[in-house]
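Taken in sequence, the protein lines are chains A and B.
Number 275 in the numbering used here belongs to position 120 of the first sequence; there are no gaps in the numbering.
Number 190 in the numbering used here belongs to position 35 of the second sequence; there are no gaps in the numbering.
Here the structure is laid out as structure tokens; the discussion comes afterwards.
Number of protein chains: 2
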Amino acid sequence: MAIQKSQEKRERILQAAIQTFSENGYSNATIKQIAKEAGVSFGTVFTYFENKNDLFQAAVLEPLEEVKAVMLDVPEPSEQPIEQIKMLIKKHFQYFAEQTTYMRMIQYVIGQPERFQKQFLPLDQFTIELRDALRPLIVKAQEKGEIINLEPNDVSDTYLAFINGVSLTFTDTVKNSGRWDTFTQHAFLLFGPKQ
Amino acid sequence: MAIQKSQEKRERILQAAIQTFSENGYSNATIKQIAKEAGVSFGTVFTYFENKNDLFQAAVLEPLEEVKAVMLDVPEPSEQPIEQIKMLIKKHFQYFAEQTTYMRMIQYVIGQPERFQKQFLPLDQFTIELRDALRPLIVKAQEKGEIINLEPNDVSDTYLAFINGVSLTFTDTVKNSGRWDTFTQHAFLLFGPKQ
DNA sequence: TAATTATGATTGATTAATCAATCACTCATT
DNA sequence: AATGAGTGATTGATTAATCAATCATAATTA
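Take a look at the structure:
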């Protein structure tokens, strides 16, 4: 037997791709640059990924599973749904604050849905999944009269839009670090708390 | 003297550029494509813009003046600041609903601030200007006890983030047309109304 | 005619993908 | 344990395609 393809090397290339695509977009990112960042030769990239487009596809979709796991991990409604919603928002924002590079790339794809249709569709599907995940908690809080009666799908959609907007608008500069707590509090307002 | 370079032709090229950059990003947009869309020859593009980067610069910055005019046109606080805020939000969202193509390109630039630094800085500056424009209205509503006492800068920033997020996340599909009214209502929640 | 604008072929630079040569590792054989 | 043949990963030069920018020429206008 000869040398095996190294999973660790594949992962290095993938992370380098996420970083490079995130900073430069698809067309302006070069395989040469990704290879350099990953510490492998130009040719080796093509040992692990068939072509540039496949690498991009993997860079967008593979980390999405973890994002889904975190975002869609919503607890069963308790008798304190407000507290549950607040904790959930906190968890979401904490996670996104750690994933700014990947999020950039996601926003890049969402911004060019026709061009990146193959990558966009699974991301768009996520909108529906988040609606279904959040609905019970929102309905419970509404039934208890703790938040106003907004359409749960609208709450979910605008919450997701807010997350995207915040991480698009405020993750570029260092001066925005430390504002995540504020963003968390404002995000809660989108659920329509009574005060 | 022959006729002056036609201002109308320049505008056609600029609009074609906005459309093409918005759909394809900078590197994947070609002058050939922009020329075709504008109904001029390849070479003519270079009669009106020195090079591709200048065309991009113009496509991003020239329409920004109008955007600023609309967004920063905030009335003096009256004794019904809540109503003023609601009207303002409505105006903003109505405007953005008409400018989805341009907004796409703006979000593309914001997503790659290092790469497009020259275009990004004026956009970033806009964040500050919006803060200053909104502050009096927010403070007035807070003084009247009609909204909760959030930091006005945070309200302005999260509001802008929300606009960006909504127009990023929900302007791609036809199925989202007609939701602008909903988004307007949810945007108001970010100002912290008491209910 | 003279001046300006329009055109698209040409040029040179860039880059994804290919590929032949090399290298590193495994394992069968002794 | 030592050897070496087989396998496939690694490398970077080469190829072929794309595209921005230039430029010689044509068309247009006053």
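Where a beta carbon is used, it is the ideal one built from N, C-alpha and C, also for glycine.
Under 8 Å between C-beta atoms, does residue i make it to chain A?
i: I244(B); result: no
i: T324(B); result: yes
i: R259(B); result: yes
i: E234(B); result: no
i: T256(B); result: no
i: T337(B); result: yes
In chain A, what lies closer than 8 Å to residue i by C-beta?
i: K187(B); result: Near K187(B) there are no residues of chain A at all, since even the closest Cβ is about 15 Å away, more than 8 Å.
i: R270(B); result: E178, N179, G180, N183
Indicate whether at least one CB of chain B lies closer than 8 Å to the CB of residue i.
i: V329(A); result: Note that V329(A) scores a pLDDT of 47, beneath 50, so its modelled location is shaky and nothing firm can be said.
i: G311(A); result: Per the sequence presented here, residue 311(A) reads as Ser, with Gly not at that position. Chain B, which has no Cβ nearer than 8 Å to the Cβ of S311(A), makes this no.
i: H247(A); result: no
i: Q274(A); result: no
i: L210(A); result: no
i: F281(A); result: no
i: R165(A); result: no
Please return the same chain residues whose Cβ sits closer than 8 Å to the Cβ of residue i, not counting the five positions on each side in sequence.
i: I318(A); result: H247, F248, F251, A342
i: K273(A); result: Q212
i: L216(B); result: Q274, P277
i: Q280(B); result: none
i: E231(A); result: P291
What is the C-beta distance between residue i and residue j, in whole angstroms, given that I count them as a contact (C-beta under 8 Å)?
i: S311(A); j: L289(A); result: 5 Å
i: M226(A); j: L292(A); result: Not really, about 13 Å apart at Cβ, beyond 8 Å.
i: F176(B); j: A224(B); result: Actually they do not touch by this definition, with Cβ atoms about 22 Å apart.
i: K207(A); j: I186(A); result: 6 Å
i: Q350(B); j: Q350(A); result: 7 Å
i: E178(B); j: R259(A); result: So it is not a contact: roughly 19 Å between Cβ atoms.
i: S233(A); j: N183(B); result: With a Cβ gap of about 49 Å, S233(A) and N183(B) do not count as contacting.
i: E163(A); j: Q174(A); result: Contact doesn't hold; Cβ gap of about 17 Å is too wide.
i: G180(A); j: G180(B); result: 5 Å
Any chance the CB of residue i is under 7 Å from a heavy atom of the ligand FMN?
i: L219(A); result: Looking at this structure, you won't find the ligand FMN or any other ligand, since it has none at all.
Show which residues of chain B have a CB atom less than 9 Å away from the CB atom of residue i.
i: A296(A); result: Within chain B, no residue comes near A296(A); the closest Cβ sits about 14 Å away, beyond 9 Å.
i: L315(A); result: G320, T324
Strictly below 8 Å CB to CB, what residues from chain B border residue i?
i: I303(A); result: Q350
Closer than 6 Å by C-beta to residue i: which residues in its own chain qualify, once you throw out the five before and the five after it? Chain order, please.
i: Q297(B); result: N304
i: G347(A); result: I302, I303, L305
i: L323(A); result: Q262
i: W335(A); result: F248, A252
i: Q188(B); result: T175
i: P218(B); result: Y257
Determine the chain A residues that contact residue i at a beta-carbon separation under 9 Å, and present them in chain order.
i: G194(B); result: Correct list: empty, because the minimum Cβ distance to chain A is about 22 Å.
i: G347(B); result: H341, L344, Q350
Mind listing the chain B neighbours of residue i? Cutoff is C-beta to C-beta under 7 Å, in chain order.
i: N319(A); result: G320, L323, T324
i: Y263(A); result: G266
i: L216(A); result: Correct list: empty, because the minimum Cβ distance to chain B is about 18 Å.
Identify, in the order they occur along the chain, each residue of the same chain with its Cβ nearer than 7 Å to the Cβ of residue i, setting aside the five sequence neighbours on each side.
i: L278(B); result: I261, V264, I265
i: F338(A); result: F248, V321
i: R165(B); result: Y203
i: F275(A); result: V264, I265, P268
i: T282(A); result: D312, L315
i: V229(B); result: L243, A288, L289, L292
> Can you find at least 3 beta carbon pairs, one from the region 163-170 of chain A and one from the region 240-259 of chain B, that sit closer than 8 Å?
Replying inline: no
>> When you compare the region 185-201 of chain B with the region 238-245 of chain B, are there three or more beta-carbon pairs, one atom per stretch, that lie closer than 8 Å?
In response: no
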